[in-house]
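> Under UniProt numbering, the first residue of the sequence shown carries the number 1, and numbering increases by one thereafter. What follows is a structure written as structure tokens; I'll ask about it next.
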Amino acid sequence: MPRLKLTLEYEGTRYVGWQVQPNGPSIQSTLQEALQKLLGERVFVASAGRTDSGVHATGQVACFDSPRVLPMKAYTMGLNGILPPDIAVVAAEEVVPEFDPRRWSLGKRYRYRLSNRRTRSPLLRTTHWELFAPLDVEAMRRASQALLGRHDFSAFRAADCQAKHAVREVRQVRVEGTPGDAVAVVVEGTAFLKHMVRNLVGTLVEVGKGRRPEAWVAQVLASRERKLAGATAPPQGLVLEEVFYGDGPPPRSAGDSAVGEEDEG
Numbered sequence: 001m002p003r004l005k006l007t008l009e010y011e012g013t014r015y016v017g018w019q020v021q022p023n024g025p026s027i028q029s030t031l032q033e034a035l036q037k038l039l040g041e042r043v044f045v046a047s048a049g050r051t052d053s054g055v056h057a058t059g060q061v062a063c064f065d066s067p068r069v070l071p072m073k074a075y076t077m078g079l080n081g082i083l084p085p086d087i088a089v090v091a092a093e094e095v096v097p098e099f100d101p102r103r104w105s106l107g108k109r110y111r112y113r114l115s116n117r118r119t120r121s122p123l124l125r126t127t128h129w130e131l132f133a134p135l136d137v138e139a140m141r142r143a144s145q146a147l148l149g150r151h152d153f154s155a156f157r158a159a160d161c162q163a164k165h166a167v168r169e170v171r172q173v174r175v176e177g178t179p180g181d182a183v184a185v186v187v188e189g190t191a192f193l194k195h196m197v198r199n200l201v202g203t204l205v206e207v208g209k210g211r212r213p214e215a216w217v218a219q220v221l222a223s224r225e226r227k228l229a230g231a232t233a234p235p236q237g238l239v240l241e242e243v244f245y246g247d248g249p250p251p252r253s254a255g256d257s258a259v260g261e262e263d264e265g
């Protein structure tokens, strides 16, 4: 049974998230149903991480064991002919049987998109957080640098986050764009807590609006208190942009035990 790795792009507006849930369609269930039509058998699809309701992806990674040997174009051209228009397979490849999309990941990059123009946009409402006021982008850039490195991100985790601890490493934070237009916050790290990126963005927006000084972000991080951070940014602005892999499973130490616990969305 060959193991297949799929790279997915999806627009998550009408889904309850990646994971199968009883209250509506999920990305996982929709993909599994399409694969059942293609393969003639039901398969289980695992992913690199769960995305929440309304969250999008351009580089989600999933894998499954296929009961049949098919050409790779069957998993792109063929599967895309079965999937709904808001989900697509952008790449497919056979991988070693041991490949685990979550545990083999070296990190992820998320992009959060904001619109800070003064009027609402029918075209951006499902893909951006519309703020209707200009942001101080330079202040957000300077404040975001406090988030770089390995820290306890308890102040930015959801109340129901199930991760064993909150220590994570953020490799990169970029704030792109200009006041009065579209702005993006790009965050890359080894692993993420539930709602971590959205909580980071909500905090940076407080600085961008001039409600908080730049130094406040570092103070919130050091406090480890979620109640001191900004509000959770809404889901529609978030995109799982890319999942990073090496040639095999990465070496793990006790300090890297966060891998496999990601629950962003």
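In this text, a Cβ means the ideal position worked out from N, Cα and C, and glycines have one as well. These numbers come from a predicted model, not from an experiment.
With DSSP as the reference, label residue 51 as helix, strand or coil.
Looking at residue 51 - three-state DSSP - the assignment turns out to be coil, as it is neither helix nor strand.
> Taking the Cβ atom as the reference point for each residue, do residue 49 and residue 240 lie within a distance shorter than 8 Å?
A contact, by the Cβ cut-off of 8 Å.
> Pull the bridge partners of residue 107 from the DSSP assignment, please.
In the DSSP output, where bridge partners are listed per residue, residue 107 has 244.
> Any chance you could list the beta strand (DSSP E) runs of at least 3 consecutive residues sitting entirely within the UniProt domain "Pseudouridine synthase I TruA alpha/beta" (9–95), in chain order?
Qualifying beta strand (DSSP E) stretches, in chain order: 56–65, 87–95.
> Would DSSP call residue 157 helix, strand or coil?
Residue state, collapsed to three classes: coil.
> Please return the same chain residues whose Cβ sits closer than 6 Å to the Cβ of residue 154, not counting the five positions on each side in sequence.
166, 224, listed in sequence order.
> Give me, in chain order, the residues of the same chain whose beta-carbon lies closer than 6 Å to that of residue 88; leave out the 5 immediate sequence neighbours on both sides.
Answer for residue 88: 9, 80, listed in chain order.
> I'd like the ranges of any beta strand (DSSP E) spanning at least 3 consecutive residues and lying wholly in the stretch 207–245.
Segments of the beta strand (DSSP E) lying fully in the stretch 207–245: 238–245.
> Please report how far the alpha carbon of residue 175 lies from the alpha carbon of residue 163, in whole angstroms.
Cα to Cα, residue 175 sits roughly 27 Å from residue 163.
> Between residue 35 and residue 41, what straight-line distance do the alpha-carbon atoms span, to the nearest angstrom?
Distance between the alpha carbons of residue 35 and residue 41: 8 Å.
> Distance, Cα to Cα, residue 200 vs residue 218?
Spanning the two alpha carbons is a distance of roughly 11 Å.
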